[in-house]
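Using the working numbering, read the sequence shown as starting at 87 and increasing by one per residue. All residues carry an ideal CB built from backbone N, CA and C; glycine is no exception. None of these values were measured; they are calculated from a predicted model. Taking it in order: structure first as structure tokens, then the write-up.
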Amino acid sequence: MEKTKEVKKVNKNVKKLLAIFILIISYIIINLICGNTAFAVTQTTSTDINSIDLNQYPQIKEMIQSLQTQHPNWKFKILYTDITWSDAIANEYVGHGASPRNLVPANNASYGGQWICSVCGAGKTYDSGNWHCASEAAIAYMIDARNSLNNSDIFQFMELSYSECNVDSLKAMVANSFLSSDSCVNAILQAAQTHNVNPYYIVARIFQEQGRDGSTLSKGQGYNGQYIGVYNVFNIGANGNGKETVILNGLKKAQDNGWTTLESSIIGGTQIIAKSYISRGQNTLYLQKFDVDNSDGNLYWHQYMQNILAAQKEGETLRKTFADMGSLEGEYTFIIPVFKNMPSTASARPSTTSANNPTSTELVRINVTNSLYLRDQPGKNATKISSIYKDEIVTRLEKATTKVDGTYWDYIMKADGTRGYSARETYENESTYKLYLVPVNNEEAEDSKDSASTTIIKNDKVKIDMETNNTTTIPNVTVKDLTDLMTTDIIVKNANGEVLSADSKLGTGCVINDSYTVVVLGDVNGDGEIDSGDLFYTQKYLLKKATFEEFTLKACDVNNDNEINSGDLFFIQKYLLRKTDFSL
């Protein structure tokens, strides 16, 4: 009998753990859906250039007809995106301060001034200081096909499906480069035929990524003694913050795929690009940079790289190749995207000396202590679909004119494309007013009104709220880190009342000067480490097998959505797998 009871008890616990697992999987799926969903558009393509509506798509028809006259063998298709011009710009002008969707070269006089985003400014750089966030004006100029319907830039619109090529021409294209061997040429031809990709495009893409002499990722010499003997000519998976992280991630991707020769990297990388981009409808260099084709049911987010000039530069490489081998007048097809409500004339090239003009896209910074809910409808009882966090910059699509439940609910869009309604300000029955959505060009005025901001001191590791006596840190912060921020002598005791030394790690439940309680994000059990023990305690709480004090609940709410759920469990798991990190 006792054994039967024990079995039932085990089965009950297994069911509960299974329920948590299902919640985690559901959480992942919901985030994938919410983060990448594109609003429904009906797109069509047409080869009938003469029927282009001049009022809706000004200048397009005349420009194409001029190119057709000069190059009778060239064919053109119009991609009617069914996207309004303003929506396209707004969805590309995102990611400020975190991961901008579009970047321009830093330390380059040709792309200063109005090319640089006014939100991030010239003082903010990305990817080891090599890039600036691109301005709205830069995006408008580069995404407007009319600025590239000329003999120099047209090849960024070339259809990239396989077409026959002359082997001698291909050898001439790679001459005096790290791809000049017969084995590399044969690998390029094999990859092109097998995966239905234009061979000249393969070469142009590799040169865009590696240069003609190759780079660390294509030399097989590894990096800092790691990943020797692997190659990644397309830089697939080479991402992250800082040069070392980018290179090591790219080499790990090569090792995972077994790319132990240049040739295997060419063939394997081409397969990924074909599957990930060309077969999804992103069948031109332009569409791989600006994802305005929804053949895969999505828009905007699936881009090959952040470099706003990438498509144009690779197109120049293709054009030069065709010119050098005397085949510029071949039978090429170009796909030209057009948008609804396009400007009457082509967007102007940004000035390199003048300051940026005011943007048409309204950006707001989130002015809260932790986070706000994003809801599917206006109102405090509407369904929660996501969260927006302190200092996050989002796009305001619609500004409410009437209140619901005592406040205005503006329609906003996150950098990942998620859209929903957020409270603009405090409710009318609250005694202290605070504006939650602060226009980025009006922040100084709003900051002077925000008396609450003076009660908080913080850096990238520690945040101390002088009003509530709460101290929040990321993992691995020491007593010395606290002292450096507070610029005064402090005494920190652990949960047992023992005084900690300067190099001791903080744990949840530590107390500073007998006043400030410490919350270390992810340190649920208060031992100062983030490990499987914290996962265990979080699971116990979800199974209602444990109760937490307020500071422990805050440590457990690692995704800052003001709830303890499977999302927090999933976040800690990702951290332990080194797939994410904590931030304040």
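Hey, how far is the Cα of residue i from the Cα of residue j?
i	j	result
G215	A192	7 Å
K210	I616	32 Å
K544	D643	19 Å
A277	S301	21 Å
S457	I202	29 Å
S537	V454	Because the pLDDT at S537 is just 38, under 50, the model does not fix this residue reliably, and the value given afterwards should be weighed accordingly. Whole-angstrom Cα-Cα distance: 12 Å.
L662	G619	11 Å
V260	A273	13 Å
V597	Q625	26 Å
Q392	V565	39 Å
T481	Y143	26 Å
S247	I288	11 Å
E295	V319	7 Å
V424	Q374	16 Å
T512	K489	11 Å
Y602	T487	42 Å
Q307	N369	33 Å
E529	N562	Unreliable positioning characterises E529 in this predicted model, as indicated by a pLDDT of 45, which lies under 50. A coordinate reading is not provided.
F162	S172	25 Å
G311	L140	60 Å
I150	S238	14 Å
D382	E584	59 Å
E222	L521	25 Å
S430	S669	45 Å
K470	W495	13 Å
H182	D613	36 Å
T557	D600	12 Å
L414	I352	25 Å
S440	S204	12 Å
S362	S590	47 Å
With residue i as the anchor, note down where its beta strand (DSSP E) starts and where it stops.
i	result
T559	N556 to T559
H680	Lying outside 87 to 670, the shown extent of the chain, residue 680 is not represented and no answer is given.
D589	Per DSSP, D589 belongs to no beta strand (DSSP E) and is neither H nor E.
T481	I479 to E484
T167	K161 to T170
S61	Outside the shown range of the chain, which is 87 to 670, sits residue 61, and nothing can be said about it.
Y602	Y602 to V606
D551	V548 to D551
V378	It is not in any beta strand (DSSP E) - V378 carries neither H nor E in the DSSP assignment.
L189	L189 to P191
Using only alpha-carbon positions, find the residue among the options that is nearest to residue i.
i	options	result
C219	L414, A486, I394 and L663	I394
L385	Q145, S204, A174 and P158	A174
K399	V526, P285, F243 and T346	F243
K329	T559, L303 and K161	L303
S433	T130, S196, N233 and Q145	N233
S517	P429, S508 and G492	G492
G315	T331, Q341 and G336	Q341
K426	L337, V378 and C270	V378
Tell me the DSSP secondary structure of residue i in three-state form.
i	result
T36	Outside the shown range of the chain (87 to 670) lies residue 36, about which nothing can therefore be said.
L523	strand
L265	coil
Q463	coil
Y627	helix
E511	strand
R451	strand
E530	Residue placement at E530 is flagged as unreliable, the pLDDT there being 40, under the threshold of 50; the coordinate-derived value follows with that caveat. Looking at E530 - three-state DSSP - the assignment turns out to be helix.
P285	helix
Q145	coil
W387	coil
N117	Unreliable placement is indicated for N117, whose pLDDT of 43 sits below 50; no coordinate value is reported for it.
M244	strand
Y313	coil
L670	coil
Y497	strand
F637	helix
T419	strand
N393	strand
V319	coil
Find out if the Cβ-Cβ distance for the pair residue i, residue j is shorter than 7 Å.
i	j	result
G503	L460	no
I322	G355	yes
K547	D570	no
N262	I225	no
A641	V606	yes
Hey, is residue i close to the ligand MN, as in C-beta under 6 Å from one of its heavy atoms?
i	result
I288	This structure does not include the ligand MN; it has no bound ligands of any sort.
Going by DSSP, what residue range makes up the alpha helix (DSSP H) through residue i?
i	result
V253	V253 to V260
V332	K329 to N343
T445	No alpha helix (DSSP H) contains T445, which DSSP labels as neither H nor E.
T356	L348 to S362
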